[in-house]
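Written below as structure tokens is the structure these notes are about.
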Amino acid sequence: MSNPAPTPANPKTYRVKSFGCQMNVYDGDRMAELLAEQGITPAPEGEDADLVVLNTCHIREKAAEKVYSDIGRLRREDGSSPLIAVAGCVAQAEGEEIMARAPAVKMVVGPQAYHRLPDMVKAASEGRRMTDTDMPAETKFDALPKRRRSGPTAFLTVQEGCDKFCTYCVVPYTRGAEISRPHADLIEEAKRLVEAGAREITLLGQNVNAWTGENAKGQAVGLDGLIRELAEIPDLARIRYTTSHPNDMTPGLIEAHGDVAKLMPFLHLPVQSGSDRVLKAMNRAHQVEKYLTILEEVRKARPDIALSGDFIVGFPGETDAEFEETLKLVDTVGYAQCFSFKYSPRPGTPAATMGEQVPMPVMDERLKRLQTALNRDQYAFNTASVGKTCEVLVERRGKHPGQWLGKSPWLQSVHFTGDVAVGDVVTVELVEAGPNSIAGALKVPASA
Ligand code: 5AD
Ligand code: SF4
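The sequence shown maps to residues 1 to 448 in the UniProt record's numbering.
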């Protein structure tokens with residue numbers, strides 16, 4: 001397979017485009033750090049890059065098709081292309097096909113192999129094409145450069161992969177088996193992020209609450225133990241974690257929501273469906289009742305907790321009555337915010353070949369009804385927050401002069417004006433609710 005268009009040897013500038021989940025954002029940042037270590041600099045906004053990394057997502061939609069159109073769009077007027085690397089879950093799942101179909105792609109690198117990107121770039125500069133989708137038992141994290149940069153909020157991957165095998169989900173195949181990063185490495189990375197300016201760290205994992213490790217005293221600890229230790233880092237103001245599985249919601253973690261002040265009152269706990277039959281067909285290994293009991297316990301520990309979740313409508317065989325059960329569950333919980341999706345058959349997953357695929361118009365209708373209910377609840381949650389005074393972490397400037405944007409403890413976007421700086425934790429009264437954000441009034445000057 002030859003590519004008639006010339007490509008730049010020894011790239012000087014890069015751009016990393018990440019799609020999909022927050023872990024891809026984390027991986028994208030780490031790839032950028034790796035490239036920067038090679039002396040390659042970020043391409044200025046609006047300018048072509050010599051090297052483009054497409055960090056892809058395979059969880060829904062026709063993700064592979066999107067990759068091909070992105071590759072096409074990178075072609076320049078003179079027919080040349082930058083050096084293109086396809087990374088992420090599409091690379092893992094469909095690397096061979098991408099190499100065969102898209103000559104402009106010089107590198108295909110899976111989520112567990114991207115520490116090898118510098119070697120691949122070198123090979124690509126010499127005109128060789130490389131695919132690396134190994135899932136080595138040893139961790140890529142050891143091979144990555146130390147963290148040196150951070151904004152006020154940072155992601156920290158603590159756990160990767162999934163052993164749950166929900167029947168609709170491609171993650172166990174693209175991200176591999178569950179692994180937990182060692183406790184000491186995580187404490188070190190968190191401290192570096194904080195030194196570099198992070199005030200809030202979100203711990204990431206496909207099943208983040210399945211994380212286990214051994215602390216410095218040799219004791220086995222779960223995610224709650226890690227959170228408690230991170231809370232000791234003086235300049236770290238806030239800790240969050242995502243995404244959790246109901247079956248790994250331990251009593252210790254629930255308790256931490258009650259007594260670790262830096263752990264924000266927000267829990268993203270996907271349930272996917274309100275029907276026990278559908279949950280069983282999805283291999284979720286929990287029922288609605290159990291999910292509600294967990295939420296009740298979390299609310300007992302932290303009464304103001306904001307709840308979030310994921311839903312799939314139109315799983316194969318889902319009946320109208322079963323979908324109504326999902327709406328009923330939504331009404332029962334009263335979520336602060338949620339993600340909801342139409343079922344998308346993923347190649348190689350058990351659900352993709354189940355009979356009774358739900359027709360698209362039915363899925364469209366169900367998604368619309370579900371999102372109407374979820375939007376109603378989100379607005380209600382925001383409205384109920386009006387009048388509260390809370391801390392807001394300032395993340396960036398807003399569109400209007402003097403305006404700042406930040407997050408409330410409950411992960412609501414808050415905008416306000418005042419004399420503050422990015423990274424400050426300030427006290428704000430929430431004064432007016434919108435569907436997606438809240439207007440606030442600054443109460444006291446910056447505390448940091
Ligand atoms: N179709 C639709 N949604 C899916 N998700 C995962 N796989 C699929 C699929 N095949 C959703 C689930 C999961 C979220 C990350 O994406 O709701 O929690
Ligand atoms: Fe996918 Fe289920 Fe694992 Fe989540 S728990 S990553 S939905 S298989």
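Virtual Cβ for every residue (Gly too), placed ideally from N, Cα, C.
Quick check: the Cα distance between Met264 and Gly274, rounded to an integer number of angstroms? About 26 Å.
Between Gln412 and the ligand SF4, is there a pair consisting of the residue's CB and a ligand heavy atom that are separated by less than 7 Å? Gln412 Cβ: outside cutoff for every heavy atom of the ligand SF4.
I'd like the list of long-range same chain contacts for Val414, defined as Cβ closer than 8 Å, with 5 residues on each side in sequence excluded. These residues qualify, in order along the chain: Val392, Leu405, Gly406, Lys407, Ser408, Val428, Leu430, Ser437, Ile438, Ala439 and Gly440.
Are the beta-carbon atoms belonging to Ala190 and Arg148 less than 8 Å from one another? Contact check for Ala190 against Arg148 fails: the beta carbons are separated by 8 Å or more.
Would you check whether the ligand SF4 has a heavy atom nearer than 7 Å to the C-beta of Tyr21? The amino acid occupying residue 21 in the given sequence is Cys; Tyr does not appear at that position. Not under cutoff, so the answer is no.
To the nearest angstrom, how far is the alpha carbon of Tyr241 from that of Glu77? Using only the alpha carbons, I get a separation of about 44 Å.
Relative to the ligand SAM, is the shortest distance from any of its heavy atoms to the C-beta of Ile312 smaller than 7 Å? The ligand SAM is not part of the structure shown, which contains the ligand 5AD and the ligand SF4 as its ligands.
Counted within 10 angstroms of its Cβ, other Cβ atoms place Asp320 as buried (16 or more) or exposed: A residue is called buried once 16 or more other Cβ atoms fall within 10 Å of its Cβ, and Asp320, having fewer, is exposed.
Leaving aside the five residues before and after Asp142 along the sequence, list all residues of the same chain whose C-beta is less than 6 Å from its C-beta, in chain order. Nothing meets the Cβ criterion.
Any residue with its Cβ nearer than 6 Å to a heavy atom of the ligand SF4 should be included. What is that list in chain order? For the ligand SF4, the selected residues are Cys162, Lys164, Phe165, Cys166, Cys169, Val171, Pro172, Gln206, Asn207 and His245.
Rounded to whole angstroms, what is the Cα-Cα separation between Phe311 and Gln337? Each residue's alpha carbon lies about 11 Å from the other.
Taking the beta carbon of Met363 as the centre, do at least 16 other beta carbons fall within 10 Å, making it buried, or is it exposed? Classification for Met363: buried.
Please list the terminal residues of the continuous alpha helix (DSSP H) segment that includes Asp259. For Asp259, the enclosing alpha helix (DSSP H) covers residues Pro251 to Asp259.
Could you check whether the Cβ of Phe341 sits closer than 7 Å to any heavy atom belonging to the ligand 5AD? Yes.
Do Asp224 and Thr202 have their C-beta atoms within less than 8 Å of each other? For Asp224 and Thr202, no; Cβs fall outside 8 Å.
So what does DSSP say about Gln159, is it helix, strand or coil? Assigned with DSSP and collapsed to three states, Gln159 falls in strand.
Let me check understanding here. Comparing Cα to Cα, which of Thr243, Arg277 and Leu295 lies closest to Gln287? Nearest of Thr243, Arg277 and Leu295 to Gln287, Cα basis: Arg277.
Kindly give me the distance between the Cβ atoms of Leu253 and Leu307, rounded to whole angstroms, as I take these residues to be in contact under 8 Å. Contact flag wrong, Cβ pair sits at about 15 Å.
So what does Leu83 bridge to, in DSSP terms? DSSP links Leu83 through a beta bridge to Leu51.
For Arg73, count neighbouring C-beta atoms within 10 Å of its own C-beta (all shown protein chains included) and say buried if the count is 16 or more, exposed if not. Exposed is the call here.
Checking 8 Å against the spacing of the C-beta atoms, do Pro152 and Gly423 come in under that value? Note that the C-beta distance between Pro152 and Gly423 is below 8 Å.
I need the straight-line Cα distance from Val170 to Pro145, nearest angstrom please. Whole-angstrom Cα-Cα distance: 29 Å.
Alpha carbon to alpha carbon, what distance is there between Pro361 and Gly127? Distance between the alpha carbons of Gly127 and Pro361: 48 Å.
Pull up the CB-CB distance for Ala210 and Glu255, whole angstroms please, since I reckon it's below 8 Å. About 17 Å separates the beta carbons of Ala210 and Glu255, which is beyond the 8 Å limit, so they are not a contact pair.
Fully enclosed by the region 260-318, which alpha helix (DSSP H) runs are 4 residues long or longer? 276-281 and 288-301, all fully within the region 260-318.
I need the straight-line Cα distance from Leu83 to Ala9, nearest angstrom please. In this structure, the straight-line span from the alpha carbon of Leu83 to that of Ala9 is close to 8 Å.
Pick helix, strand or coil for Cys89, following the three-state DSSP scheme. When secondary structure is reduced to three states using DSSP, Cys89 falls in the helix class.
Would you kindly check if the distance between the Cβ of Val271 and the Cβ of Glu234 is under 8 Å? According to the sequence shown, residue 234 is Pro rather than Glu. It is not a contact, given that the beta carbons lie outside the stated cut-off.
Closer than 8 Å is the cut-off here; do at least three beta carbon pairs connect the region 91-100 with the region 108-122? At 8 Å Cβ cutoff, the stretches touch.
Sequence-distant residues of its chain with Cβ nearer than 6 Å to Val105 (five each side left out): Cβ contact annotation for Val105 (same chain, cutoff 6 Å, sequence separation greater than five): Ile84, Val86 and Ile98, in chain order.
Less than 7 Å between C-beta atoms, sequence neighbours within five positions excluded: which residues of the same chain meet that for Asp248? Correct list, in chain order: Asn207, Asn209 and Ala210.
Cβ contact check for the region 342-352 and the region 379-395: 3 or more pairs under 8 Å: Touching, no, given that fewer than three Cβ pairs across the two stretches are closer than 8 Å.
Whose CA, out of Ser385, Leu442 and Ala352, lies closest to the CA of Glu61? If we check each option's Cα against that of Glu61, Ala352 comes out closest.
Please confirm whether Arg15 and Pro42 have their CB atoms less than 8 Å apart. A contact, by the Cβ cut-off of 8 Å.
Anyone know if the C-beta pair for Leu236 and Arg199 falls short of 8 Å? With contacts defined by Cβ atoms closer than 8 Å, Leu236 and Arg199 form a contacting pair.
Return the CA-CA distance between Ala123 and Asp134, expressed in angstroms with no decimal places. Going by the C-alpha atoms only, they are around 17 Å apart.
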